[in-house]
Amino acid sequence: LPPGQRVGFALVGLGRLSLEELLPAFGECRRARPVALVSGTPEKARAVAEQYGIRREAIYDYASFDSIRDNPDIQVVYVVLPNGMHHEFTLRAARAGKHVLCEKPMANTAAEAQEMVEACRAAGVKLMVAYRCQHEPYNRQAVDLLRAGELGRPRFMEAMNTQVQGEVAQWRFSKALAGGGALPDIGLYCLNAARFYSGEEPVEVFARIDSPRDDPRYREVEESMAFMLRFPSGLIANCACSYGAHESKDLRVRLEKGWIDVENAFAYRGQSLRLARRVGKAEGIEERRLGQRNQFAAEMDHMAQCVLAGRAPRTPGEEGLQDHRVMEALYERARSGGPVGL
Ligand code: NDP
Numbered sequence: 034l035p036p037g038q039r040v041g042f043a044l045v046g047l048g049r050l051s052l053e054e055l056l057p058a059f060g061e062c063r064r065a066r067p068v069a070l071v072s073g074t075p076e077k078a079r080a081v082a083e084q085y086g087i088r089r090e091a092i093y094d095y096a097s098f099d100s101i102r103d104n105p106d107i108q109v110v111y112v113v114l115p116n117g118m119h120h121e122f123t124l125r126a127a128r129a130g131k132h133v134l135c136e137k138p139m140a141n142t143a144a145e146a147q148e149m150v151e152a153c154r155a156a157g158v159k160l161m162v163a164y165r166c167q168h169e170p171y172n173r174q175a176v177d178l179l180r181a182g183e184l185g186r187p188r189f190m191e192a193m194n195t196q197v198q199g200e201v202a203q204w205r206f207s208k209a210l211a212g213g214g215a216l217p218d219i220g221l222y223c224l225n226a227a228r229f230y231s232g233e234e235p236v237e238v239f240a241r242i243d244s245p246r247d248d249p250r251y252r253e254v255e256e257s258m259a260f261m262l263r264f265p266s267g268l269i270a271n272c273a274c275s276y277g278a279h280e281s282k283d284l285r286v287r288l289e290k291g292w293i294d295v296e297n298a299f300a301y302r303g304q305s306l307r308l309a310r311r312v313g314k315a316e317g318i319e320e321r322r323l324g325q326r327n328q329f330a331a332e333m334d335h336m337a338q339c340v341l342a343g344r345a346p347r348t349p350g351e352e353g354l355q356d357h358r359v360m361e362a363l364y365e366r367a368r369s370g371g372p373v374g375l
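Going by our numbering, the sequence shown opens with residue 34, and the numbers climb by one from there.
Here it is, written out as structure tokens:
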């Protein structure tokens, strides 16, 4: 679409994700464009607006946010704030009559997520949660392979998301601002992938948390969680996330007649897919190469297309709400019951 016909986005919160990934990704969008910024840091907002051709009058701060209502260029509000602020800004955006794209995790709790779904429904605006991996070509290819059925019944999934998280002075270590530790921040990718790969909802969960006792970063939130999800078909997903282990973001599926490995499944880039299968008596391993597509651009274009076509997004608020319900069950299980000690 020519720029004038593209759907206008207001970015709320100019942190690392906005500055390093989302704003550059608009350059690869076909239907979305940035038209407004919301920031608590005016000098930064002015510099960013200039760089991306956004009008000065379209810069807001958190207090003046509600006047986005009077800016018809803004159709979508993209909430890229610390997790604990997603609920408030989604509700305020809905009250201003704007569609909402909300970063993951959707909120701090399932109750907040539920309110966000209801507020957007009542205001007649769309709500999408930014699960970028559901727009990423290698993950989608893996799901297509599962659905095609040629590899038979999936038995096990293994999903890991680990990265070493830096110093203590950041919102990710605050329960109020982050909702939790490694689970909602990065373990959520494993959980969401287990659900969207399988197309099923878990019926049983098991979880263990481990955090170093004397590390000030883990006074309020967990460092590491290992968890297991069991699905109605019998598929079991083994997942792990940690702020204390070197980066690894791979996903593996083991099926009756083959396996699928997606390396870097949850990373911003650098995915690859290997597939093993048995055809008759032959056994083959194949590496699939797909065209690169910036997954942030794909995600923002998807939201824009939903607005243009009046369609529901692929990952609506209900999708985020369901993940919060499962995460609460995981915390509950980690608290209330452990394995049998030997
Ligand atoms: P940052 O800490 O880098 O940025 C957050 C921004 O929010 C700040 O720069 C600031 O922007 C604004 N802000 C407002 N109030 C506060 C506050 N009290 N404390 C800190 N910041 C505040 O975070 P990220 O960009 O890494 O993460 C933002 C959101 O995006 C989170 O929900 C996170 O989970 C999600 N995320 C998603 C990723 C994905 O791949 N989909 C990857 C990384 C993050 P300003 O100065 O403009 O006011």
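Even glycine gets a Cβ: it sits at the ideal position worked out from N, Cα and C.
Computed from a predicted structure; not experimentally measured.
Within the model, the alpha-carbon separation for L323 versus L308 is close to 13 Å. Separation of R64 and G41 (C-alpha to C-alpha, rounded to the nearest whole angstrom) is 9 Å.
For N225, the enclosing alpha helix (DSSP H) has its first and last residue at 221-231. Taking C-beta separations shorter than 6 Å and ignoring five residues to either side along the sequence, the partners of A273 in its chain run M193, A259, following chain order.
Looking from the CA of R358, the closest CA among E145, G117, H120 belongs to E145. In this model, T74 and D94 are separated by some 8 Å (Cα to Cα). Collapsing the DSSP output to three states places I87 in coil. Of the residues assessed, G220 falls on the buried side of the cut-off, its CB having 16 or more other CB atoms within 10 angstroms.
Per DSSP, reduced to three states, the secondary structure at S72 is coil, with no helix or strand assignment. In this structure, the alpha-carbon of G185 lies about 5 Å from that of E289. Contact annotation: the stretch 285-301 does not touch the stretch 195-206, with fewer than three C-beta pairs closer than 8 Å. With fewer than 16 other Cβ atoms from the protein chains shown falling within 10 Å of its own Cβ, S266 counts as exposed. In the assembly as shown, L56 is a buried residue. Its beta-carbon has 16 or more other beta-carbons within 10 Å. Counting C-beta pairs with one atom in each stretch, the stretch 269-284 and the stretch 209-225 have three or more that are closer than 8 Å, which means they touch. The residue among K137, K314, K131, V176 with its C-alpha nearest the C-alpha of A156 is K131. A distance criterion of 6 Å places the beta-carbon of W204 in contact range of the ligand NDP, judged by its closest non-hydrogen atom.
Annotation for R79 indicates a beta carbon at 6 Å or more from all heavy atoms of the ligand NDP. Taken in chain order, the complete beta strand (DSSP E) segments of 3 residues or longer contained in the stretch 165-242 are 187-195. The beta carbon of Q174 is closer than 7 Å to those of L306, R321, L323 in its chain, skipping five residues each way along the sequence.
In the DSSP annotation of this structure, the continuous segment of the beta strand (DSSP E) that includes M261 starts and ends at 257-263.
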